[in-house]
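Just so you know, the sequences run in chain order L and H.
First residue of the first sequence: 1, per our numbering; consecutive thereafter.
First residue of the second sequence: 1001, per our numbering; consecutive thereafter.
Each residue gets a CB set at the ideal place from its N, CA and C atoms; glycine is no exception.
Since the model is a prediction, treat every value here as computed from it, not as a measurement.
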Amino acid sequence: MTIDTDFEKVFPITERTYIGLAGLATDVKTLHDRLRMRVNLYKHREERVIEPNTFANLVSHMLYEHRFGSYFVQPVIAGLNKNDQPFICSMDTIGCIDLGGNFIVSGTAAENLYGTCESLWEPDLEPEELFETISQALLNAVDRDAMSGWGAVVRIITPSGIITRDLKSRMD
Amino acid sequence: MDRYSFSLTTFAPNGKLLQIEHALAAVGNGSTSVGIKAANGVVIATEKKTGSSLIDVSSLEHMVMICDSIGMVYSGMGPDFRVLVSSARKAAQKYRRMYMEDPPVRILVKELASIMQEFTQSGGVRPFGVSLLIAGVDDRGPNLYQVDPSGSYFPWKATAIGKNMVNSKTFLEKRFDSDIDLEDAVYTAILTLKEGFEGQMTEQSIDVGVISTIPTTQADGEQKASKFQRLTPAEIKDYLSNVA
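What follows is the structure, given as structure tokens:
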């Protein structure tokens, strides 16, 4: 039964780090709230903004704290560190970090996404080229999965800012 | 005034907690310790005074590493210092467990200061009889902090605590320069200790610790952050021979 077609599951953590939480909606919400609290406390205590890899370790730690009774989410984290280098990783439900390589996937269409990303990715893509690549990879994987769909949002994180675009896609 | 000095948790009419004043007196009886923040690192040093020549001085641990990037020294009561070292190391590892990196110095200092403050506001305990000098390198560069028995902490460019702190600080004020190199800072720290040292200063009678901001290049060409290091007696002897 389709309840919502607009469920936001990608959240900004800092201006340059985003987290995507795929999984059980209630856990997505709770985890986002808890992470926001932790990151705000970090910012005030340390008087600096959290780096993406540090944030990933924090998420991993929080998930493993619930090793026996876990959150049903599989996070994907992407960001730029203070030297403008990109960082991506994903995690399983108990916090095992997968630093991956060139791309990271998560969700019900993960298997499809592995396929599309593997074929379409190439090194040294500029932001606009990257946008095209990720949009095609996402849409073609999602269209072949019954449980995925109802629109897509792409965010490109660059040193000068975030480019956010909604994709026109099959609404089913 | 005596009416207010036995209970830690009672303010005296002049606004002071007398137990803390007495704790500071205990610090003032302790061996002098000195710290200097250089442009490219931090150095901390202390006297290892022993009452007898029969003591195995090499086994005394006045200068300790808290984690790879932070070291600590004290003036005051040795046993109280050991308890704080234990707490500091645990706090640093807890931070590491969560964030997979060493805590910034200011975070560790806040944690230690918080512990020391707890012992000024709880029943049945007494304040720690030590002042700490904490030296380390983090994202902001070199750091030097002092933490007092009350839980107050101060960032310093150069400072001294313990028996000879007043003269030592005057000495440092004349010689300190914010562009000072770490090597020169080590010499200055040793000279400062020498000023107030009774008797002959040897490599066995002082402890020196340094941490540099410059990463070390390993055998395979990889750059690794420098660790906090206690100077060996042989290294201290080298410095002393150039200073004498």
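Around R16 (chain L), no beta-carbon contact reaches into chain H at under 9 Å, the shortest distance being about 16 Å.
As computed with DSSP, L1144 (chain H) is found in a beta bridge with H:A1135.
Across the set H:G1129, H:G1136, H:A1092 and H:Q1121, the C-alpha of H:G1136 shows the shortest separation from the C-alpha of R1230 (chain H).
In this structure the segment 1212-1219 of chain H does not touch the segment 1062-1076 of chain H; the number of beta carbon pairs closer than 8 Å is below three. The criterion of a C-beta distance shorter than 7 Å is not satisfied by D1080 (chain H) and K1227 (chain H).
If you check the CB distance, A1189 (chain H) and V1034 (chain H) come in under 7 Å. In terms of CA proximity to F1128 (chain H), H:H1022 leads the group H:S1007, H:H1022, H:K1157 and H:K1237.
For R155 (chain L), no chain H residue has a C-beta closer than 8 Å to its own C-beta; the minimum C-beta separation is roughly 25 Å.
A distance below 8 Å between beta-carbons, with the five flanking residues on each side excluded, links M62 (chain L) to the following residues of its chain, in chain order: L31, R34, L35, R38 and G95. Each residue's CA atom was taken as its position, placing I1211 (chain H) and G20 (chain L) some 39 Å apart.
The straight-line gap separating the alpha-carbon atoms of R1082 (chain H) and R1126 (chain H) is approximately 16 Å. The DSSP-derived three-state label of E128 (chain L) is helix. By the C-beta criterion, the segment 1095-1112 of chain H is judged not to be in contact with the segment 153-162 of chain L, since fewer than 3 inter-stretch pairs fall below 8 Å.
Distance from V59 (chain L) to V153 (chain L) at the Cβ level is roughly 21 Å; contact not present, criterion being Cβ atoms closer than 8 Å. Counting only the Cα atoms, P1104 (chain H) lies some 42 Å from N112 (chain L).
According to DSSP, residue pairing for D98 (chain L) in a beta bridge involves L:S90. Boundaries of the beta strand (DSSP E) harbouring A22 (chain L): T17 to G23, taken from the DSSP string.
At a C-beta separation below 7 Å, L120 (chain L) has no neighbours in chain H, since its nearest C-beta there lies roughly 32 Å away. For N1143 (chain H), same chain residues with a beta-carbon under 6 Å away, outside a window of 5 residues either side, are V1105 and G1136 in chain order.
Taking 7 Å as the cut-off, the Cβ atoms of A141 (chain L) and L120 (chain L) do not count as close.
The Cβ atoms of G1041 (chain H) and T1202 (chain H) lie no closer than 7 Å to each other.
Listed by position along chain H, the residues whose Cβ is nearer than 9 Å to that of R48 (chain L) are P1104, D1139 and R1140.
Setting aside the 5 residues that flank it on each side, R16 (chain L) is surrounded in the same chain by G79, L80 and I157, each with a C-beta closer than 7 Å to its C-beta; the list follows chain order.
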